[in-house]
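Taking it in order: structure first as structure tokens, then the write-up.
Numbering (our numbering), first residue to last: 1 to 128.
Written out as structure tokens, the structure is:
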């Protein structure tokens, strides 16, 4: 397993900014909201350091109870540690759907790697 560290998106306004200004890529397991670093002027003191990928993890409210959503978030954090950082620095929110709980681990890893590669290409093409 690859050990990587991402800087975390922590505050609601950081998540909201990525949701509002970012682009999306997704499949039946995950949705990635992507905002290239440097593509939008920073707002206030929460400007991300240059070259550092910032990641937030969320679970769709439709995924079920708080217990299920917490399990989804734990699986997503483990998935991010497994697949490693993207090719280019990004601000990224990973939204897990209910299917994350039942999907086999190799399928989630494949899904995460594919979507992260697409997100990196999207960020490069957008000029971030």
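Ideal Cβ placement from N, Cα and C applies to all residues, glycine included.
Note that the structure is a prediction, hence the values are computed from the model and not measured.
Could you say if the region 115–122 and the region 55–75 meet the contact criterion of at least three C-beta pairs nearer than 8 Å?
-> Short answer: they don't touch.
Nearest-angstrom Cα separation, counted from residue 38 out to residue 16 | The straight-line gap from Cα to Cα measures roughly 17 Å.
Whole-angstrom distance between residue 106 and residue 86, CA atom to CA atom | In this structure, the CA atom of residue 86 is about 19 Å from the CA atom of residue 106.
When 14, 100, 124 are compared against residue 71, the one with the closest alpha-carbon = That would be 100, whose Cα lies nearest to the Cα of residue 71.
Beta carbon of residue 84 nearer than 9 Å to that of residue 30 | If you check the CB distance, residue 84 and residue 30 do not come in under 9 Å.
Can you tell me which of the three DSSP states residue 54 falls into?
-> Note: residue 54 maps to strand in three-state DSSP.
When burial is assigned at 16 or more other CB atoms within 10 Å of the CB, is residue 2 buried or exposed?
-> Confidence in residue 2 is poor, its pLDDT being 45 and thus under 50, which makes the residue's placement too unreliable to answer from.
Within its chain, find whatever has a CB closer than 8 Å to the CB of residue 34; leave out the 5 residues flanking it on each side and keep chain order.
-> Excluding residues within five positions, the ones whose Cβ falls inside 8 Å are 18, 22, 23, 24, 25, 90, 91, 92, 119, 122, 123.
Residue from 54, 110, 98, 73 with nearest C-alpha to residue 10 | Residue 54 is the option with its Cα nearest to residue 10.
Check residue 113 in the structure and name its three-state DSSP category.
-> In the structure shown, residue 113 sits in a helix (DSSP, three-state: H, G or I).
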